[in-house]
Amino acid sequence: KLEGLKTIAVTTNGINLSRLLPRLKEAGLNAINISLDTLLPAKFEFIVRRKGTNLSYKATVLILAGMLCLLYLQVNCVVMRGFNEDEVLDFVDFTKDLPVDVRFIEYMPFDGKYCCFETEVSSL
């Protein structure tokens with residue numbers, strides 16, 4: 001632990017978090033930002049590029065990990081047209097009674113050279 005640091009945070013999709021959390025907590029971790037753009041298992045596997053990630057188990061582990069370790073827990077959800085904009089209310093319902101902050105983040109429509117506005121959601 002470094003003197004003067006108030007927050008040590010990690011941003012993760014949670015794939016390895018249940019295995020690494022005890023060591024991270026021991027190292028001083030006190031906040032977790034979870035990147036979770038969908039609550040649907042098939043879409044989650046597409047995003048993380050891994051089969052068999054068991055999204056419902058991971059989401060449960062992520063929430064419990066934050067609660068049990070007394071960490072500040074935040075979920076970041078990038079909203080994308082044609083992919084997950086229909087899940088915003090599901091995220092609200094999923095997290096409304098949990099000690100977690102949810103941020104809906106605007107998709108940055110840039111692929112390295114050109115803007116990709118067809119996937120941008122300007123308002124819901």
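Position 27 (the sequence shown) corresponds to 27 in the UniProt record's numbering; numbering is contiguous.
C-beta atoms are modelled at their ideal positions from N, C-alpha and C, and glycine is treated no differently.
- Scanning its chain for C-beta atoms nearer than 6 Å, with the 5 sequence neighbours on each side dropped, one finds around residue 105 the residues 76, 78, in chain order.
- Within the model, the alpha-carbon separation for residue 95 versus residue 27 is close to 28 Å.
- The bridge partners DSSP lists for residue 104 are 77.
- When secondary structure is reduced to three states using DSSP, residue 15 falls in the coil class, being assigned neither helix nor strand.
- Between the alpha carbons of residue 17 and residue 23 lies a gap of roughly 10 Å.
- Scanning its chain for C-beta atoms nearer than 8 Å, with the 5 sequence neighbours on each side dropped, one finds around residue 12 the residues 32, 33, 34, 35, in chain order.
- In this structure, residue 43 places its C-beta atom within 9 Å of the C-beta atom of residue 83.
- Taking 8 Å as the upper bound for CB-CB distance, residue 73 and residue 100 are in contact here, some 5 Å apart.
- Secondary structure of residue 31 (DSSP, three-state): strand.
- For residue 43, the enclosing alpha helix (DSSP H) starts and ends at 41-48.
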